[in-house]
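A.B. asks: The structure is given below, and queries will be raised subsequently.
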Amino acid sequence: MEDTIVAMATAMGEASIHVLRLSGSKAGHILEKCFTPQNRERWSLNENFTLNLGKFYDGYMVLDEVLIGRMLAPSSYTGEDVYEVNCHGGPFVAQRILQACIRHGARLAEPGEFSKRAFLNGKLDLVQAEAVIDLISSRTETSANLALSQLNGGLSDQITNLREEILEILAFIEAGIDFPEDDVETLDRTTLESLINKTLKDISLLLAGSKTGKILRDGLLTVIVGQPNVGKSSLLNALLNEDRAIVTDIPGTTRDEIRESVSVGGILLQLVDTAGICESNDFVERLGIERARKALTTADLILLVVQANLPLTEVEYQILSTYSDKVIVLLNKIDLLQEEQQAVSIYEKGLCIPFSVREHKGFSELEEAIRDRVYQGETVLSTDPLLSNVRQISSLMNCDNALKQSMESLQQGMPWDILSIDIRQALQYVSEITGHNVQESLLEDIFSRFCIGK
Numbered sequence: 001m002e003d004t005i006v007a008m009a010t011a012m013g014e015a016s017i018h019v020l021r022l023s024g025s026k027a028g029h030i031l032e033k034c035f036t037p038q039n040r041e042r043w044s045l046n047e048n049f050t051l052n053l054g055k056f057y058d059g060y061m062v063l064d065e066v067l068i069g070r071m072l073a074p075s076s077y078t079g080e081d082v083y084e085v086n087c088h089g090g091p092f093v094a095q096r097i098l099q100a101c102i103r104h105g106a107r108l109a110e111p112g113e114f115s116k117r118a119f120l121n122g123k124l125d126l127v128q129a130e131a132v133i134d135l136i137s138s139r140t141e142t143s144a145n146l147a148l149s150q151l152n153g154g155l156s157d158q159i160t161n162l163r164e165e166i167l168e169i170l171a172f173i174e175a176g177i178d179f180p181e182d183d184v185e186t187l188d189r190t191t192l193e194s195l196i197n198k199t200l201k202d203i204s205l206l207l208a209g210s211k212t213g214k215i216l217r218d219g220l221l222t223v224i225v226g227q228p229n230v231g232k233s234s235l236l237n238a239l240l241n242e243d244r245a246i247v248t249d250i251p252g253t254t255r256d257e258i259r260e261s262v263s264v265g266g267i268l269l270q271l272v273d274t275a276g277i278c279e280s281n282d283f284v285e286r287l288g289i290e291r292a293r294k295a296l297t298t299a300d301l302i303l304l305v306v307q308a309n310l311p312l313t314e315v316e317y318q319i320l321s322t323y324s325d326k327v328i329v330l331l332n333k334i335d336l337l338q339e340e341q342q343a344v345s346i347y348e349k350g351l352c353i354p355f356s357v358r359e360h361k362g363f364s365e366l367e368e369a370i371r372d373r374v375y376q377g378e379t380v381l382s383t384d385p386l387l388s389n390v391r392q393i394s395s396l397m398n399c400d401n402a403l404k405q406s407m408e409s410l411q412q413g414m415p416w417d418i419l420s421i422d423i424r425q426a427l428q429y430v431s432e433i434t435g436h437n438v439q440e441s442l443l444e445d446i447f448s449r450f451c452i453g454k
């Protein structure tokens, strides 16, 4: 924390500009050695939130003409003095400026070190820090909005309120330990039970939204399955709007899994196109079919593609009955139906959509069906605070279990000091979420997932 750190804030490569970030108490001193402003008088005023044009030097050598943004402590991202050097694009120019900063007293930042300093200086909590990662890596508008709502502190406020409720429960119990003979209402076990139940209810509401939050963040693992030549690869290509998979009239063209990602209705689908499931004597095709069957067990969503003008096969019925809770049936090739023909009737088995990849029919209905699966009929706004991070969800579930254990102990008439053990454990778990109480090893793990310069 005493070092001044420097790193590229933009990806290396040819670009119109690159940005380097300096943070630490010596950042201004380093730039005094390397930067000659065009307007010296304005630079010397040491004003905050300014942008200054000038030449960047390494000794007597001019490296580039740059713009330097100045953000002084504590009003900066890290809470320290931060300077951002905007130079011309090209890895050579940026690398020379980076090396000059290091020669004059900075060191290269570790991955995520700027955000780690922001956390340690109280500018972000852990929920907000992890939201920074999610915002950078978001691949849909919905996931970006979710990360932004977390970064703005909505979820942090709810977790902090939970922590305060648990602290109140703990204070209540401590009073019972310190004053066992005090016969006042605040030491009544019924009141304690009410406090714990209220906190459990609040936790339950947050956990209820965590499934939706995780899907919005990570996407749905979506397996496209069906008989050979029913249009699975054509569906993949249509969803991606590109010819990703080979499509022919020859059954068994797809032998292995094809994995791609696409946003459908604001939901990220991790698509897996599989080999057609059927009986086969071809060794390679059988391997592909086996992989398709395994993919079904791990899928969040299964798109079962069947041919609308043919009766269901035994395999299709088996998939419907085994995975009915996560199957959407696409009655494909309805364009081949004659006027007197009816599409195969399987509506009682699950959600079915009349579909035609060739004529692009049924795609809006599929989008609506996917959104209904994710939101389960509830209206979820992009500003709603939703848990979406596995670490955070796990900690809150552990907190929930500890409180439930304390409730069991309370109902069994356990003494106050025994009750406090589970409540303290619950407090530890909820404090891990925002970072009120966190081990250094966890911080290292979280911030190591950041890129250098963030």
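Going left to right, the sequence shown walks through residues 1 to 454 as the UniProt record's numbering numbers them.
Glycine included, C-beta positions come from ideal geometry on N, C-alpha and C.
A quick note: this is a predicted structure, and the numbers were derived from the prediction, not measured.
#1: Can you tell me which of A147, I215, D445 puts its alpha carbon nearest to the alpha carbon of P385?
#2: Please tell me whether A7 has its Cβ less than 7 Å away from any Cβ of chain C.
#3: What are the boundary residues of the alpha helix (DSSP H) that includes C451?
#4: Considering only the alpha carbon of each residue, which of L240, K33, S75, E314 lies closest to Y57?
#5: Might you give, ordered along the chain, the residues of its own chain that have their beta carbon closer than 7 Å to the beta carbon of residue 497, omitting 5 neighbours on each side?
#6: Would V127 and L155 be called neighbours here (beta carbons separated by less than 7 Å)?
#7: Return helix, strand or coil for N332, following the three-state DSSP convention.
#8: Look up K55 in the DSSP assignment and give the residues it is bridged to.
#9: Tell me the DSSP secondary structure of G105 in three-state form.
#10: Taking 6 Å as the limit between beta carbons, can you name the residues of its chain near residue 498, skipping five residues before and five after?
#11: Candidates A9, W416, S23, S210: which alpha carbon is nearest A118's?
#12: Round the Cβ separation of T140 and S263 to the nearest angstrom and send it over; I've been treating them as touching at under 8 Å.
#13: Note down, in chain order, each residue of its chain lying with its Cβ closer than 8 Å to the Cβ of N86, except the 5 sequence neighbours on either side.
#14: Which class does H436 belong to by DSSP, given the choice of helix, strand or coil?
#15: Relative to the C-alpha of E174, which candidate in L192, N121, A94 has its C-alpha closest?
#16: Between which two residues does the alpha helix (DSSP H) containing T222 stretch?
#17: How would you call N437, buried or exposed, if buried means at least 16 neighbouring beta carbons within 10 angstroms?
#18: According to DSSP, is A7 part of a helix, a strand, or is it coil?
#19: Is the number of C-beta pairs between the region 72–87 and the region 403–418 that are closer than 8 Å three or more?
#20: Expressed to the nearest angstrom, what Euclidean distance is found between the alpha-carbon atoms of L205 and D157?
#21: Around the C-beta of S194, are 16 or more other C-beta atoms found within 10 angstroms, so that it is buried, or is it exposed?
#22: Does DSSP classify V430 as helix, strand or coil?
#23: Does the distance from the C-beta atom of G265 to that of R371 stay below 7 Å?
#24: Check whether the Cβ atoms of A426 and I166 lie closer than 7 Å to each other.
#25: Take A299 as the anchor and find which of K404, V223, A369, E359 has the nearest alpha-carbon.
#26: Please tell me whether V272 and A295 are closer than 7 Å, where the distance is taken between their beta carbons.
#27: Could you tell me whether the Cβ atoms of L200 and L387 are closer together than 7 Å?
#28: Can you give me the C-alpha to C-alpha distance between I250 and Q307, rounded to a whole angstrom?
#29: With a threshold of 6 Å on Cβ separation, who are the neighbours of I215 within its own chain once the five nearest residues in sequence on each side are excluded?
#30: In this structure, how does DSSP classify P91 when only helix, strand and coil are distinguished?
#31: Mind checking V390: buried by the 16 CB within 10 Å criterion, or exposed?
#32: So L303 is in the beta strand (DSSP E); what residue range does that whole segment cover?
#33: Hey, quick one: how far does the beta strand (DSSP E) through Q405 stretch, first residue to last?
#34: Taking the alpha carbon of Y60 as the reference point, which residue from Q411, A100, A106 has its own alpha carbon closest?
#35: So, is Q376 buried or exposed, given that buried needs 16 or more other C-beta atoms within 10 angstroms?
C.D. replies: In short, the structure shows the following:
#1: Here residue 385 refers to the residue found at position 385 when the sequence shown is read from its first residue. When only C-alpha atoms are compared, the closest one is A147.
#2: Considering every chain present, this structure includes no chain C. It has just one protein chain.
#3: In the sequence shown, counting from the first residue as 1, residue 451 sits at position 451. Note, C451: premise wrong, no alpha helix (DSSP H); not H, not E.
#4: Numbered from its first residue, the sequence shown carries residue 57 at position 57. Checked all of L240, K33, S75, E314; the closest Cα to Y57 is K33.
#5: Residue numbering for the chain in the displayed model covers 1 to 454; residue 497 lies beyond these limits and cannot be assessed.
#6: As a working note, residue 127 is residue 127 in the sequence shown. As a working note, residue 155 is residue 155 in the sequence shown. In contact: V127 and L155 (Cβ atoms closer than 7 Å).
#7: Translated into the one-based positions of the sequence shown, residue 332 becomes position 332. Three-state result, N332: strand.
#8: Your numbering for residue 55 matches position 55 in the sequence shown. K55 pairs with T36, E65.
#9: Walking along the sequence shown from the start, residue 105 turns up at place 105. It is coil, neither helix nor strand.
#10: Residue 498 cannot be examined here, being either before or after the span of the chain that is shown, 1 to 454.
#11: Within the sequence shown, numbered from 1, the residue matching residue 118 stands at position 118. Residue S23 is the option with its Cα nearest to A118.
#12: In the sequence shown, the residue the question calls residue 140 occupies position 140. In the sequence shown, the residue the question calls residue 263 occupies position 263. Yes, they are in contact, since the Cβ atoms of T140 and S263 sit about 4 Å apart, within 8 Å.
#13: On the sequence shown, position 86 is the one that residue 86 refers to. Closer than 8 Å at Cβ, skipping near neighbours: I17, H18, V19, V66, L67, I68, G69.
#14: For the purposes of this step, residue 436 is taken as the residue at position 436 of the sequence shown. Reduced to three states, the DSSP call for H436 is coil.
#15: If you number the sequence shown from 1, residue 174 lands on position 174. Comparing Cα positions, the closest option is L192.
#16: In the sequence shown, counting from the first residue as 1, residue 222 sits at position 222. Looking at the DSSP string, T222 is not in any alpha helix (DSSP H); the run it does join, the beta strand (DSSP E), is 220–226.
#17: On the sequence shown, residue 437 is found 437 positions in, with the first residue counted as 1. It counts as exposed.
#18: Along the sequence shown, read from residue 1 onward, the residue named residue 7 stands at position 7. Here A7 sits in strand by DSSP.
#19: no
#20: By one-based count along the sequence shown, residue 205 stands at place 205. By one-based count along the sequence shown, residue 157 stands at place 157. Looking at the two C-alpha atoms, the distance is approximately 14 Å.
#21: In the sequence shown, the residue the question calls residue 194 occupies position 194. Exposed is the call here.
#22: For the purposes of this step, residue 430 is identified with residue 430 of the sequence shown, where counting begins at 1. It is helical.
#23: In the sequence shown, residue 265 corresponds to position 265, counting from 1. In the sequence shown, residue 371 corresponds to position 371, counting from 1. Cβ distance < 7 Å, so G265 and R371 count as in contact.
#24: Counting from one through the sequence shown, the residue named residue 426 turns up at place 426. Counting from one through the sequence shown, the residue named residue 166 turns up at place 166. Yes, these two residues count as a Cβ contact at 7 Å.
#25: On the sequence shown, position 299 is the one that residue 299 refers to. It is V223 whose Cα lies nearest to the Cα of A299.
#26: Mapped onto the sequence shown, residue 272 falls at position 272. Mapped onto the sequence shown, residue 295 falls at position 295. Their beta carbons are under 7 Å apart, which means V272 touches A295 by this criterion.
#27: Translated into positions along the sequence shown, residue 200 becomes position 200. Translated into positions along the sequence shown, residue 387 becomes position 387. Not in contact: L200 and L387 (Cβ atoms no closer than 7 Å).
#28: On the sequence shown, residue 250 is found 250 positions in, with the first residue counted as 1. On the sequence shown, residue 307 is found 307 positions in, with the first residue counted as 1. Only weak support exists for where I250 lies, its pLDDT of 46 falling under 50; the coordinates are left without a value.
#29: Counting from 1 along the sequence shown, the entry for residue 215 is found at position 215. Cβ neighbours of I215 beyond the five flanking positions: V374.
#30: Here residue 91 refers to the residue found at position 91 of the sequence shown. Judged by DSSP in its simplified three-state form, P91 adopts helix.
#31: Taking the first residue of the sequence shown as 1, we reach residue 390 at position 390. Classification of V390: exposed, given that the 10 Å Cβ count is below 16.
#32: On the sequence shown, residue 303 is found 303 positions in, with the first residue counted as 1. Taken as a continuous stretch (DSSP letters only), the beta strand (DSSP E) holding L303 covers 301–307.
#33: Stepping through the sequence shown from its first residue, residue 405 is reached at position 405. No beta strand (DSSP E) contains Q405, which is instead part of the alpha helix (DSSP H) from 390–411.
#34: For the purposes of this step, residue 60 is taken as the residue at position 60 of the sequence shown. Closest option to Y60, Cα to Cα, is A100.
#35: One-based indexing of the sequence shown puts residue 376 at position 376. Exposed.
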